[in-house]
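Just below is one structure, and these are the notes that go with it.
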Amino acid sequence: MPSSSVPLVIAHRGATATARENTLAAFAAAADAGANWIELDTHLAADGQVVVFHNDHYDDGRPVHEVSSSQRPEEVPLLGEVLDLCSEADLGVNVEIKALPGEADAETSPALGDAVMKILETHALAGGRVKGTQRLLVTSFRPESIAQVRERGASPTGLLTVTVEDPHATARRLADEGHAAINPWDLIVTGALVEAAHDAGLDVNVWTVNDPTRMIELARWGVDGIITDLPDVAIDTLS
(Lines of atoms letter the chains of each structure in order from A; the text may use other names.)
(Lines give C-alpha, C1' and ligand atoms only; values in the text may rest on other atoms or scores of the structure.)
Protein backbone atom coordinates (compact mmCIF):
# COMPACT_ATOMS: atom_id res chain seq x y z
CA MET A 0 0.00 0.00 0.00
CA PRO A 1 1.40 3.45 -0.91
CA SER A 2 2.46 5.59 2.03
CA SER A 3 0.76 8.90 2.79
CA SER A 4 3.73 10.21 4.79
CA VAL A 5 6.43 12.42 3.34
CA PRO A 6 10.05 11.38 4.01
CA LEU A 7 12.44 13.72 5.74
CA VAL A 8 14.83 15.40 3.31
CA ILE A 9 18.36 14.82 4.61
CA ALA A 10 21.09 16.82 2.89
CA HIS A 11 24.06 14.52 2.22
CA ARG A 12 27.09 16.37 3.59
CA GLY A 13 25.02 19.52 3.14
CA ALA A 14 23.78 21.04 -0.10
CA THR A 15 26.80 19.93 -2.12
CA ALA A 16 25.63 21.35 -5.45
CA THR A 17 25.84 24.77 -3.82
CA ALA A 18 28.95 24.57 -1.63
CA ARG A 19 31.81 22.24 -0.78
CA GLU A 20 30.64 19.15 1.11
CA ASN A 21 30.84 18.96 4.91
CA THR A 22 31.36 22.70 5.31
CA LEU A 23 29.39 25.26 7.25
CA ALA A 24 28.47 26.86 3.92
CA ALA A 25 27.02 23.57 2.64
CA PHE A 26 25.01 23.02 5.81
CA ALA A 27 23.71 26.58 5.77
CA ALA A 28 22.72 26.13 2.13
CA ALA A 29 20.84 22.96 3.08
CA ALA A 30 18.90 24.91 5.67
CA ASP A 31 18.15 27.64 3.14
CA ALA A 32 16.89 24.99 0.71
CA GLY A 33 14.44 23.75 3.33
CA ALA A 34 16.08 20.45 4.26
CA ASN A 35 14.82 18.79 7.45
CA TRP A 36 18.16 17.24 8.39
CA ILE A 37 21.77 17.16 7.33
CA GLU A 38 24.16 14.20 7.24
CA LEU A 39 27.86 14.60 8.03
CA ASP A 40 31.07 12.61 8.50
CA THR A 41 33.41 12.70 11.48
CA HIS A 42 37.06 11.90 12.12
CA LEU A 43 39.27 12.44 15.17
CA ALA A 44 41.98 15.09 15.04
CA ALA A 45 45.36 14.57 16.73
CA ASP A 46 44.33 16.71 19.71
CA GLY A 47 41.10 14.76 20.33
CA GLN A 48 38.77 17.23 18.65
CA VAL A 49 36.13 15.91 16.24
CA VAL A 50 36.38 17.33 12.72
CA VAL A 51 33.73 17.12 10.02
CA PHE A 52 35.37 15.65 6.94
CA HIS A 53 34.71 12.62 4.76
CA ASN A 54 38.12 11.18 3.89
CA ASP A 55 40.88 9.94 6.20
CA HIS A 56 43.40 12.28 4.52
CA TYR A 57 43.04 15.99 3.86
CA ASP A 58 43.35 17.18 0.26
CA ASP A 59 47.00 18.08 0.86
CA GLY A 60 47.77 14.47 1.81
CA ARG A 61 48.02 14.86 5.59
CA PRO A 62 46.31 12.07 7.58
CA VAL A 63 43.43 13.66 9.48
CA HIS A 64 44.23 11.84 12.71
CA GLU A 65 47.82 13.13 12.69
CA VAL A 66 46.81 16.79 12.35
CA SER A 67 45.79 18.97 15.29
CA SER A 68 42.41 20.63 14.85
CA SER A 69 44.19 24.00 15.00
CA GLN A 70 46.11 23.01 11.86
CA ARG A 71 43.15 21.66 9.90
CA PRO A 72 42.20 23.26 6.56
CA GLU A 73 40.28 26.48 7.02
CA GLU A 74 37.05 25.17 5.49
CA VAL A 75 36.86 22.06 7.73
CA PRO A 76 34.53 22.66 10.69
CA LEU A 77 34.48 21.08 14.13
CA LEU A 78 31.46 18.96 15.02
CA GLY A 79 30.43 21.42 17.71
CA GLU A 80 30.39 24.26 15.20
CA VAL A 81 28.08 22.33 12.91
CA LEU A 82 25.75 21.42 15.77
CA ASP A 83 25.55 25.09 16.75
CA LEU A 84 24.55 26.00 13.20
CA CYS A 85 21.97 23.21 13.10
CA SER A 86 20.46 24.29 16.40
CA GLU A 87 19.98 27.80 15.07
CA ALA A 88 18.62 26.54 11.73
CA ASP A 89 16.35 23.88 13.29
CA LEU A 90 18.06 21.05 11.40
CA GLY A 91 18.25 17.46 12.59
CA VAL A 92 21.68 15.85 12.35
CA ASN A 93 22.81 12.41 11.21
CA VAL A 94 26.38 12.01 12.48
CA GLU A 95 28.40 9.29 10.76
CA ILE A 96 31.36 7.85 12.66
CA LYS A 97 34.13 7.11 10.16
CA ALA A 98 37.58 5.63 11.01
CA LEU A 99 36.67 2.32 9.36
CA PRO A 100 38.72 -0.83 8.73
CA GLY A 101 41.17 -0.14 5.94
CA GLU A 102 41.30 3.60 6.59
CA ALA A 103 44.45 5.27 7.90
CA ASP A 104 42.82 6.13 11.23
CA ALA A 105 40.98 2.84 11.81
CA GLU A 106 42.52 2.41 15.25
CA THR A 107 40.97 5.70 16.42
CA SER A 108 37.38 4.36 16.07
CA PRO A 109 36.77 3.81 19.82
CA ALA A 110 38.27 7.19 20.75
CA LEU A 111 36.26 8.87 17.99
CA GLY A 112 33.07 7.30 19.30
CA ASP A 113 33.81 8.55 22.82
CA ALA A 114 34.59 12.05 21.58
CA VAL A 115 31.42 12.24 19.47
CA MET A 116 29.30 11.05 22.39
CA LYS A 117 30.74 13.64 24.75
CA ILE A 118 29.80 16.39 22.32
CA LEU A 119 26.30 15.07 21.71
CA GLU A 120 25.61 14.53 25.40
CA THR A 121 26.23 18.16 26.22
CA HIS A 122 24.94 19.88 23.10
CA ALA A 123 21.71 21.83 22.81
CA LEU A 124 20.34 19.43 20.18
CA ALA A 125 20.23 16.54 22.65
CA GLY A 126 16.72 15.35 23.37
CA GLY A 127 15.06 17.44 20.66
CA ARG A 128 12.85 16.08 17.91
CA VAL A 129 11.94 16.96 14.34
CA LYS A 130 8.66 15.82 12.76
CA GLY A 131 8.22 13.11 15.38
CA THR A 132 11.64 11.53 14.83
CA GLN A 133 14.80 11.89 16.87
CA ARG A 134 16.71 15.07 16.10
CA LEU A 135 20.03 13.25 16.39
CA LEU A 136 21.03 9.96 14.81
CA VAL A 137 24.49 8.39 14.95
CA THR A 138 25.35 5.94 12.18
CA SER A 139 28.34 3.92 11.03
CA PHE A 140 29.26 1.06 8.74
CA ARG A 141 31.18 -0.32 11.74
CA PRO A 142 28.74 -2.19 14.02
CA GLU A 143 31.08 -1.78 16.99
CA SER A 144 30.84 2.00 16.70
CA ILE A 145 27.06 2.18 16.86
CA ALA A 146 27.04 -0.45 19.62
CA GLN A 147 29.45 1.75 21.59
CA VAL A 148 27.15 4.75 21.21
CA ARG A 149 24.03 2.74 21.95
CA GLU A 150 25.46 1.22 25.13
CA ARG A 151 26.19 4.69 26.43
CA GLY A 152 22.75 5.97 25.43
CA ALA A 153 24.11 9.16 23.93
CA SER A 154 21.84 9.13 20.88
CA PRO A 155 19.61 6.95 18.72
CA THR A 156 21.75 4.85 16.40
CA GLY A 157 21.50 3.22 12.99
CA LEU A 158 23.50 0.89 10.79
CA LEU A 159 24.85 2.03 7.44
CA THR A 160 24.94 -0.85 4.99
CA VAL A 161 25.41 -1.76 1.33
CA THR A 162 24.01 -5.27 1.65
CA VAL A 163 21.11 -6.98 3.39
CA GLU A 164 20.76 -10.70 2.78
CA ASP A 165 17.69 -11.30 4.92
CA PRO A 166 15.66 -8.12 5.55
CA HIS A 167 13.56 -9.53 8.38
CA ALA A 168 16.49 -11.14 10.21
CA THR A 169 18.62 -8.00 9.86
CA ALA A 170 15.81 -5.72 11.03
CA ARG A 171 15.00 -7.91 14.03
CA ARG A 172 18.66 -8.06 15.02
CA LEU A 173 19.09 -4.28 14.88
CA ALA A 174 15.88 -3.74 16.81
CA ASP A 175 16.90 -6.31 19.43
CA GLU A 176 20.22 -4.49 19.81
CA GLY A 177 18.32 -1.28 20.53
CA HIS A 178 19.02 0.65 17.35
CA ALA A 179 16.52 3.08 15.88
CA ALA A 180 17.24 2.96 12.17
CA ILE A 181 18.84 1.32 9.20
CA ASN A 182 20.47 3.52 6.54
CA PRO A 183 20.79 1.36 3.41
CA TRP A 184 22.39 2.13 0.06
CA ASP A 185 19.73 3.08 -2.46
CA LEU A 186 20.55 0.27 -4.88
CA ILE A 187 19.61 -2.43 -2.34
CA VAL A 188 16.37 -0.87 -1.14
CA THR A 189 13.13 -2.66 -1.97
CA GLY A 190 9.61 -2.36 -0.69
CA ALA A 191 10.17 -5.62 1.18
CA LEU A 192 13.17 -4.18 3.02
CA VAL A 193 11.21 -1.09 4.04
CA GLU A 194 8.32 -3.25 5.27
CA ALA A 195 10.64 -5.53 7.26
CA ALA A 196 12.35 -2.58 8.91
CA HIS A 197 9.07 -0.92 9.83
CA ASP A 198 7.70 -4.19 11.19
CA ALA A 199 10.70 -4.22 13.53
CA GLY A 200 10.17 -0.59 14.54
CA LEU A 201 13.13 0.81 12.59
CA ASP A 202 13.28 3.97 10.52
CA VAL A 203 14.67 3.64 6.98
CA ASN A 204 16.90 6.45 5.67
CA VAL A 205 18.11 5.78 2.11
CA TRP A 206 21.33 7.11 0.57
CA THR A 207 22.25 8.68 -1.81
CA VAL A 208 19.15 9.49 -3.88
CA ASN A 209 19.30 12.23 -6.52
CA ASP A 210 16.78 10.98 -9.09
CA PRO A 211 13.27 12.44 -8.66
CA THR A 212 11.54 9.34 -10.01
CA ARG A 213 13.33 7.18 -7.46
CA MET A 214 12.49 9.65 -4.69
CA ILE A 215 8.79 9.25 -5.50
CA GLU A 216 9.06 5.45 -5.52
CA LEU A 217 10.81 5.41 -2.14
CA ALA A 218 8.25 7.80 -0.71
CA ARG A 219 5.44 5.51 -1.86
CA TRP A 220 7.15 2.63 -0.07
CA GLY A 221 7.14 4.73 3.10
CA VAL A 222 10.83 5.37 3.71
CA ASP A 223 11.42 7.76 6.59
CA GLY A 224 14.30 9.75 5.16
CA ILE A 225 15.86 10.42 1.76
CA ILE A 226 19.53 11.34 1.94
CA THR A 227 20.36 13.43 -1.11
CA ASP A 228 22.96 15.75 -2.61
CA LEU A 229 20.07 17.82 -3.97
CA PRO A 230 17.78 18.82 -1.10
CA ASP A 231 16.06 21.49 -3.20
CA VAL A 232 15.15 18.92 -5.85
CA ALA A 233 13.95 16.47 -3.19
CA ILE A 234 11.74 19.09 -1.56
CA ASP A 235 10.19 20.11 -4.88
CA THR A 236 9.67 16.47 -5.87
CA LEU A 237 8.17 15.27 -2.60
CA SER A 238 5.90 18.26 -2.22
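With numbering that gives the first Met the number 0 applied, the sequence shown corresponds to residues 0 to 238, in that order. All C-beta atoms in this analysis are idealised placements derived from N, C-alpha and C, irrespective of residue type, glycine included.
Is L159 helix, strand or coil when you go by DSSP?
Three-state result, L159: strand.
Tell me the DSSP secondary structure of G91 in three-state form.
strand
Decide if G91 is buried, meaning its Cβ has at least 16 other Cβ atoms within 10 Å, or exposed.
buried
Three-state secondary structure (DSSP) at G33?
Judged by DSSP in its simplified three-state form, G33 adopts coil rather than helix or strand.
Any idea if E38 is buried or exposed, counting beta-carbon neighbours within 10 angstroms, 16 or more meaning buried?
buried
Check whether T264 and A179 have beta carbons under 8 Å apart:
Outside the modelled stretch of the chain, which goes from 0 to 238, sits residue 264, for which no answer is possible.
Find out if the Cβ-Cβ distance for the pair V193, P211 is shorter than 8 Å.
no
Of the listed residues E216, G224, W220 and G190, nearest to V205 (C-alpha basis):
When the alpha-carbon of V205 is set against those of E216, G224, W220 and G190, the nearest one is in G224.
In whole angstroms, what separates the C-alpha of S238 from that of A218?
11 Å
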